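The listed protein sequences derive, respectively, from chains A and B. Mapping to the numbering used here: the first sequence position 176 is 176, numbers consecutive. Mapping to the numbering used here: the second sequence position 180 is 180, numbers consecutive. Read through the structure below, which is laid out as structure tokens, and then see the notes.
Number of protein chains: 2
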Amino acid sequence: MGGMKALSYSKGVIVSQSSQQITMQDIATQSGVSLSTVSRVLNGSENVSQEKQAAVMAAVEALNYRPNVFAQGLARGASRTVGVLTQHISAPFFDAILDGVLAGLRGTGYSPLFADGLWRADREERSIQLLLDRQVDGLIVLGGATSNCFLREIAAQKPLVLVGRVVPELTHQSVLFDDFKGAYLATQHLIELGHRQIVHITGILEHEDALLRKKGYLQALEDAGIPINDNLILEGNFVEQSGVLAVEMLFNRGQLFSAIFAANDQMAYGARLALYRRGIRVPEDVSLVGYDDLVHSAYTTPPLTTIHQPAFQMGEVAANTILGLIGGEQPEIAPFKAELIVRNSTARHR
Amino acid sequence: MGGMKALSYSKGVIVSQSSQQITMQDIATQSGVSLSTVSRVLNGSENVSQEKQAAVMAAVEALNYRPNVFAQGLARGASRTVGVLTQHISAPFFDAILDGVLAGLRGTGYSPLFADGLWRADREERSIQLLLDRQVDGLIVLGGATSNCFLREIAAQKPLVLVGRVVPELTHQSVLFDDFKGAYLATQHLIELGHRQIVHITGILEHEDALLRKKGYLQALEDAGIPINDNLILEGNFVEQSGVLAVEMLFNRGQLFSAIFAANDQMAYGARLALYRRGIRVPEDVSLVGYDDLVHSAYTTPPLTTIHQPAFQMGEVAANTILGLIGGEQPEIAPFKAELIVRNSTARHR
DNA sequence: CTACTTCTTGAAAGCGCTTTCACAGAATAA
DNA sequence: TTATTCTGTGAAAGCGCTTTCAAGAAGTAG
Numbered sequence: 001m002g003g004m005k006a007l008s009y010s011k012g013v014i015v016s017q018s019s020q021q022i023t024m025q026d027i028a029t030q031s032g033v034s035l036s037t038v039s040r041v042l043n044g045s046e047n048v049s050q051e052k053q054a055a056v057m058a059a060v061e062a063l064n065y066r067p068n069v070f071a072q073g074l075a076r077g078a079s080r081t082v083g084v085l086t087q088h089i090s091a092p093f094f095d096a097i098l099d100g101v102l103a104g105l106r107g108t109g110y111s112p113l114f115a116d117g118l119w120r121a122d123r124e125e126r127s128i129q130l131l132l133d134r135q136v137d138g139l140i141v142l143g144g145a146t147s148n149c150f151l152r153e154i155a156a157q158k159p160l161v162l163v164g165r166v167v168p169e170l171t172h173q174s175v176l177f178d179d180f181k182g183a184y185l186a187t188q189h190l191i192e193l194g195h196r197q198i199v200h201i202t203g204i205l206e207h208e209d210a211l212l213r214k215k216g217y218l219q220a221l222e223d224a225g226i227p228i229n230d231n232l233i234l235e236g237n238f239v240e241q242s243g244v245l246a247v248e249m250l251f252n253r254g255q256l257f258s259a260i261f262a263a264n265d266q267m268a269y270g271a272r273l274a275l276y277r278r279g280i281r282v283p284e285d286v287s288l289v290g291y292d293d294l295v296h297s298a299y300t301t302p303p304l305t306t307i308h309q310p311a312f313q314m315g316e317v318a319a320n321t322i323l324g325l326i327g328g329e330q331p332e333i334a335p336f337k338a339e340l341i342v343r344n345s346t347a348r349h350r
Numbered sequence: 001m002g003g004m005k006a007l008s009y010s011k012g013v014i015v016s017q018s019s020q021q022i023t024m025q026d027i028a029t030q031s032g033v034s035l036s037t038v039s040r041v042l043n044g045s046e047n048v049s050q051e052k053q054a055a056v057m058a059a060v061e062a063l064n065y066r067p068n069v070f071a072q073g074l075a076r077g078a079s080r081t082v083g084v085l086t087q088h089i090s091a092p093f094f095d096a097i098l099d100g101v102l103a104g105l106r107g108t109g110y111s112p113l114f115a116d117g118l119w120r121a122d123r124e125e126r127s128i129q130l131l132l133d134r135q136v137d138g139l140i141v142l143g144g145a146t147s148n149c150f151l152r153e154i155a156a157q158k159p160l161v162l163v164g165r166v167v168p169e170l171t172h173q174s175v176l177f178d179d180f181k182g183a184y185l186a187t188q189h190l191i192e193l194g195h196r197q198i199v200h201i202t203g204i205l206e207h208e209d210a211l212l213r214k215k216g217y218l219q220a221l222e223d224a225g226i227p228i229n230d231n232l233i234l235e236g237n238f239v240e241q242s243g244v245l246a247v248e249m250l251f252n253r254g255q256l257f258s259a260i261f262a263a264n265d266q267m268a269y270g271a272r273l274a275l276y277r278r279g280i281r282v283p284e285d286v287s288l289v290g291y292d293d294l295v296h297s298a299y300t301t302p303p304l305t306t307i308h309q310p311a312f313q314m315g316e317v318a319a320n321t322i323l324g325l326i327g328g329e330q331p332e333i334a335p336f337k338a339e340l341i342v343r344n345s346t347a348r349h350r
């Protein structure tokens with residue numbers, strides 16, 4: 001029996017033509033064993049005789065049986081799914097992390113479920129709720145604006161891994177950047193090149209990372225004995241346009257400067273454009289440093305000096321950690337360090 | 001009854017503390033009606049008296065009941081989920097489309113499920129199978145390398161929308177770019193500026209879009225009476241590095257040219273870098289045109305002349321179409337047209 | 001040869017929800 | 001008044017799978 005469900009073969013993938021799904025019962029009758037035995041060989045959960053095992057596998061093959069994940073999920077109470085909250089599906093840096101997460105999940109039997117938060121606490125919480133509703137077995141949250149309190153509660157009921165987000169009680173399950181150190185390195189690099197009037201275009205200062213980068217910048221100046229000039233610090237919002245605005249502002253004010261450290265590459269691109277429009281050369285007239293080392297930064301003119309963070313690996317680590325957490329292990333996350341990538345947008349101050 | 005499941009309230013979102021899920025049965029007993037009645041009010045499927053309706057809603061509220069999607073999916077045979085196959089989670093242009101898809105799905109009760117194909121037929125088919133296994137109600141496929149035959153089979157059993165991918169029988173359910181026209185426009189633009197030696201860096205020529213763009217380029221030349229020079233046509237692979245390689249190649253061969261049309265922006269960036277390294281100015285010495293109008297292209301130095309495609313809207317349309325298809329409607333997709341965006345990377349030939 | 005494990009197996013009880021069925025009671029028609 | 005149609009409702013039967021339980025077969029020990 002069971003042969004009444006029409007099949008068609010194509011490139012090795014067999015597709016059931018009738019929308020009628022093939023169930024375990026079908027393969028049970030087809031191979032002459034009980035439902036439970038089929039389940040056992042499929043899950044390798046218990047001993048099953050060689051012959052029956054073979055019979056079942058043959059039937060599975062022949063009928064191209066595919067388990068119904070809903071039924072499995074319902075029966076098991078687990079979904080083999082991990083929720084991933086990103087902020088914006090096309091935010092370059094986060095995408096690189098996502099890539100790593102995908103890679104880390106590949107072949108583990110777990111699939112990712114995405115949702116985006118758009119950096120807004122309410123949307124983020126709604127998205128997380130949505131993921132939870134879909135019975136994810138664990139949750140990876142990239143950055144974001146939700147309250148620590150909310151995240152703590154989530155962590156209390158589900159395996160949770162945070163990426164680039166500091167929540168005091170949850171640091172052991174967080175993949176962290178060293179934003180302070182990175183910004184320090186960037187600024188220090190400019191100082192070593194002889195720059196004194198160093199502009200900093202910050203990120204959105206409500207975000208922890210933007211704040212830390214600013215602190216790194218300030219600390220580097222202080223350590224070099226360079227007085228802080230508030231006129232050189234402009235608040236941006238992490239997207240290109242705010243970089244051009246910042247530079248425009250500087251010119252409008254008649255502010256002198258010889259170098260710019262932008263809190264991310266995208267704003268550095270914007271700054272670059274504003275300088276270009278004014279006919280100011282990089283790095284001859286002004287040195288420029290970004291942050292994130294987006295793929296694109298190696299191809300700007302000139303290629304951008306920036307701070308590299310191993311986004312892909314961080315994603316992988318996040319994936320591995322969440323799997324470990326789901327499996328009941330204690331997480332153990334080695335810290336990632338920021339690294340200065342010197343390209344051609346910085347030069348000695350003349 | 002039902003009150004024994006501990007709850008905690010936080011910012012309006014109520015989170016069950018015990019991992020014990022609250023089920024419909026809980027709210028049924030809590031509100032003193034039967035399971036079926038609860039289902040009815042939750043789904044609004046049949047008439048229920050005002051009082052019971054209120055009682056149920058109150059209980060739902062009080063216990064913060066959240067339906068179990070697996071149980072729902074199993075019982076309904078539908079998942080309220082649409083699968084989205086993209087090629088690479090961090091491919092800029094596809095991401096913009098994804099963004100549109102997300103926006104189109106938002107608030108419809110349907111959630112997206114992503115998978116990536118990495119432009120390889122085998123991975124793509126595996127990913128599609130994975131989405132199918134997860135019982136998606138419909139499928140949106142962005143580009144890709146799977147056989148037409150495979151896609152036709154999928155279309156036969158599930159609602160399917162193709163984006164940027166031509167399959168003869170399925171054009172009515174495809175969101176299409178006009179690659180030919182776009183490339184024609186780009187090339188024509190260069191010709192009008194007086195260029196004659198126009199390089200074309202193609203995409204991967206196994207891809208339909210790359211082929212069409214090349215055809216558009218050729219046609220524009222032909223229409224202008226400019227002889228085709230095969231030495232000016234180099235095959236790239238859609239990523240930055242292939243753009244630099246192409247230009248390097250040109251120089252190594254001592255090939256003369258005054259303009260470059262790259263089959264996408266990323267390769268144009270690469271070409272730009274190679275020119276920069278040689279000290280060749282854009283657009284004074286060489287004009288450069290890309291394709292896709294990535295966000296970034298407005299911020300390159302100089303800002304890149306390119307072909308714009310309304311990626312976001314296309315994503316939205318794809319989402320709406322798949323929802324319509326799931327609802328049994330006949331799809332009706334208006335064609336999108338490519339548009340030339342003239343920025344500063346092109347100038348009159350001297 | 002009996003008594004006690006150990007294997008292998010099928011039956012059956014859920015998992016949480018939707019939906020059909022049947023049945024009161026109310027409303028309408030005759 | 002009686003016959004007929006609605007309406008609102010609960011019981012119960014699945015959806016396809018996992019897992020517990022119990023039992024027969026088989027192996028080991030005394």
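Don't be surprised by glycine CBs; every beta carbon is placed ideally from N, CA and C. Note that this is a predicted model, so its numbers are computed, not measured.
By the criterion of at least three beta-carbon pairs nearer than 8 Å, the segment 287 to 298 of chain B is in contact with the segment 339 to 348 of chain B.
Here the segment 161 to 178 of chain B makes no contact with the segment 186 to 194 of chain B; the two share fewer than three CB pairs at distances below 8 Å. Against chain B, the CB of arginine 134/A has a partner CB under 8 Å away; the residue lies at that interface.
For isoleucine 140/B, no Cβ of chain A is located within less than 8 Å of the residue's own Cβ. Residue pairing for isoleucine 198/B: DSSP places it in a beta bridge opposite Ala259/B. Linking threonine 187/B to histidine 200/B through their CA atoms gives a straight-line distance of about 9 Å. DSSP, read as helix, strand or coil, puts leucine 176/A in coil. Within chain B, Val295, His296, Ala298 and Tyr299 have C-beta atoms less than 9 Å from the C-beta of glutamate 240/A, given in sequence order. From the beta-carbon of asparagine 229/A, no residue of chain B is found nearer than 9 Å; the closest lies around 27 Å away. Close to chain A, meaning a Cβ-Cβ distance shorter than 7 Å, are the following residues of the segment 236 to 260 of chain B: Glu240. Per DSSP, leucine 160/A is one residue of the beta strand (DSSP E) stretching across 160 to 163. In this structure, isoleucine 326/A and proline 159/A form a Cβ contact; the two beta carbons are roughly 5 Å apart against a cut-off of 8 Å. Isoleucine 226/A and glutamine 197/A have their C-alpha atoms spaced approximately 9 Å apart. Take valine 136/A, set aside five residues on each side of it, and the residues of its chain with a beta-carbon closer than 7 Å to its own are Ser79, Thr81, Val82, Gly83 and Leu113, in chain order.
Around the beta carbon of alanine 54/A, fewer than 16 other beta carbons sit within 10 angstroms, so the residue counts as exposed. DSSP places histidine 296/A in the helix class (H, G or I) of the three-state scheme. For alanine 59/B and leucine 232/A, the gap between their C-alpha atoms comes out near 57 Å. Residue-level contact by beta carbon fails for leucine 35/B and chain A, as no gap is shorter than 8 Å. By a beta-carbon distance limit of 8 Å, arginine 213/A contacts glycine 182/A. Their separation comes to about 7 Å. Taken in chain order, the unbroken stretches of beta strand (DSSP E) that lie wholly in the segment 207 to 235 of chain A and span 3 residues or more are 233 to 235. Beta-bridge partners assigned by DSSP to aspartate 116/B: Thr86/B. In the DSSP assignment, serine 79/A falls outside any alpha helix (DSSP H), carrying neither H nor E.
Annotation: the continuous alpha helix (DSSP H) that includes serine 242/A extends over 240 to 253. Assignment of beta-bridge partners to glycine 138/A by DSSP yields Val82/A. Taking the Cβ atoms as the reference, glycine 270/A lies roughly 13 Å from serine 297/A, outside the contact range of under 8 Å. If you check the CB distance, aspartate 179/A and aspartate 133/A do not come in under 8 Å. Under the three-state reduction of DSSP output, valine 286/A falls in the coil class, being neither helix nor strand.
With the criterion set as a beta carbon lying under 8 Å from some beta carbon of chain A, the members of the segment 60 to 71 of chain B are Arg66, Pro67, Asn68, Val69, Phe70 and Ala71, in sequence order.
Along the segment 266 to 289 of chain B, going in chain order, the ones with a CB nearer than 7 Å to a CB of chain A are Tyr269, Gly270, Arg272, Leu273 and Tyr276. Contact between proline 92/A and leucine 304/A is ruled out by a C-beta separation of about 13 Å, above the 8 Å threshold. If you draw a straight line from the Cα of glutamine 157/A to the Cα of glutamine 21/B, it comes to about 11 Å. For alanine 96/A, the neighbours in chain B by C-beta distance under 7 Å run, in chain order, Ser90. The C-beta of phenylalanine 114/A comes closer than 8 Å to at least one C-beta of chain B. DSSP, read as helix, strand or coil, puts histidine 349/A in coil. For leucine 193/B, there is no enclosing alpha helix (DSSP H), as DSSP marks it with neither H nor E.
With contacts defined by Cβ atoms closer than 8 Å, methionine 57/B and valine 38/B do not form a contacting pair.
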